[in-house]
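> In terms of my numbering, the sequence shown opens at residue 1 and continues consecutively.
Note that CB positions come from ideal geometry on N, CA and C, so glycine has one too.
Given the structure is predicted, the values throughout are model-derived calculations rather than measurements.
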Amino acid sequence: MAIVIKLDDLLHDRRMTLTELSDLIGLTLANLSILKTGKARAIRFSTLEAICDALSCQPGDILRYESDIEETERPEPAGQLSAI
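1) What would DSSP say about Ile-5, mapped onto helix, strand or coil?
2) Could you tell me whether the Cβ atoms of Leu-32 and Leu-18 are closer together than 8 angstroms?
3) For Leu-63, list the residues DSSP reports as bridge partners.
4) Name the two residues that bound the continuous alpha helix (DSSP H) containing Gly-52.
5) With DSSP as the reference, label Thr-19 as helix, strand or coil.
Here it is, written out as C-alpha coordinates:
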(Lines of atoms letter the chains of each structure in order from A and count residues from 1; the text may use other names and numbers.)
(Lines give C-alpha, C1' and ligand atoms only; values in the text may rest on other atoms or scores of the structure.)
Protein backbone atom coordinates (compact mmCIF):
# COMPACT_ATOMS: atom_id res chain seq x y z
CA MET A 1 0.00 0.00 0.00
CA ALA A 2 1.42 3.39 -0.95
CA ILE A 3 -0.36 5.50 1.71
CA VAL A 4 0.42 4.54 5.30
CA ILE A 5 -1.82 5.61 8.19
CA LYS A 6 0.17 6.55 11.29
CA LEU A 7 -2.80 7.02 13.63
CA ASP A 8 -1.53 4.44 16.14
CA ASP A 9 1.71 6.36 16.63
CA LEU A 10 -0.11 9.64 17.25
CA LEU A 11 -2.56 8.07 19.67
CA HIS A 12 0.28 6.42 21.58
CA ASP A 13 2.24 9.69 21.77
CA ARG A 14 -0.81 11.49 23.14
CA ARG A 15 -1.80 8.61 25.45
CA MET A 16 -5.23 8.49 23.87
CA THR A 17 -7.33 5.48 22.92
CA LEU A 18 -9.19 5.03 19.67
CA THR A 19 -12.43 5.10 21.70
CA GLU A 20 -11.53 8.48 23.18
CA LEU A 21 -10.74 9.86 19.72
CA SER A 22 -14.02 8.44 18.44
CA ASP A 23 -15.93 10.25 21.18
CA LEU A 24 -14.05 13.51 20.53
CA ILE A 25 -14.67 13.67 16.80
CA GLY A 26 -18.04 11.93 16.53
CA LEU A 27 -16.89 9.15 14.22
CA THR A 28 -17.83 5.56 14.96
CA LEU A 29 -15.20 3.32 16.48
CA ALA A 30 -15.70 0.90 13.57
CA ASN A 31 -14.92 3.58 10.97
CA LEU A 32 -11.87 4.80 12.89
CA SER A 33 -10.66 1.22 13.16
CA ILE A 34 -10.99 0.76 9.39
CA LEU A 35 -8.96 3.93 8.88
CA LYS A 36 -6.33 2.95 11.47
CA THR A 37 -5.74 -0.47 9.93
CA GLY A 38 -5.28 0.99 6.45
CA LYS A 39 -8.39 -0.67 5.04
CA ALA A 40 -10.14 2.62 4.21
CA ARG A 41 -10.16 3.46 0.52
CA ALA A 42 -10.76 7.17 1.11
CA ILE A 43 -11.00 9.79 3.84
CA ARG A 44 -13.13 12.91 3.83
CA PHE A 45 -11.39 16.20 4.41
CA SER A 46 -13.85 16.91 7.22
CA THR A 47 -12.79 13.67 8.95
CA LEU A 48 -9.11 14.45 8.47
CA GLU A 49 -9.69 17.96 9.80
CA ALA A 50 -11.51 16.63 12.88
CA ILE A 51 -8.70 14.16 13.62
CA CYS A 52 -6.04 16.85 13.18
CA ASP A 53 -7.98 19.20 15.45
CA ALA A 54 -8.43 16.55 18.16
CA LEU A 55 -4.78 15.44 18.04
CA SER A 56 -3.29 18.91 17.41
CA CYS A 57 -1.41 17.69 14.36
CA GLN A 58 -1.06 18.17 10.62
CA PRO A 59 -2.38 15.79 7.91
CA GLY A 60 1.21 14.78 7.17
CA ASP A 61 1.52 13.52 10.74
CA ILE A 62 -1.28 11.03 10.02
CA LEU A 63 -0.64 10.10 6.38
CA ARG A 64 2.67 9.08 4.82
CA TYR A 65 3.39 8.11 1.22
CA GLU A 66 5.63 5.10 0.68
CA SER A 67 6.67 4.22 -2.83
CA ASP A 68 6.16 0.63 -3.92
CA ILE A 69 9.32 0.88 -6.05
CA GLU A 70 12.61 0.72 -4.20
CA GLU A 71 15.33 3.23 -5.09
CA THR A 72 17.42 0.61 -6.92
CA GLU A 73 14.47 -0.41 -9.10
CA ARG A 74 13.57 3.06 -10.36
CA PRO A 75 14.14 3.55 -14.08
CA GLU A 76 16.49 6.33 -15.20
CA PRO A 77 14.68 9.47 -16.38
CA ALA A 78 14.48 9.70 -20.17
CA GLY A 79 17.46 11.42 -21.77
CA GLN A 80 19.83 10.85 -18.85
CA LEU A 81 22.61 8.31 -18.67
CA SER A 82 23.59 6.60 -15.47
CA ALA A 83 27.14 6.97 -14.18
CA ILE A 84 29.40 3.97 -14.73
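Taking the definition as stated:
1) strand
2) yes
3) Ile-5
4) Note on residue identity: the sequence assigns Cys, not Gly, to residue 52. Per DSSP, Cys-52 is one residue of the alpha helix (DSSP H) stretching across 45 to 55.
5) Helix, per DSSP.
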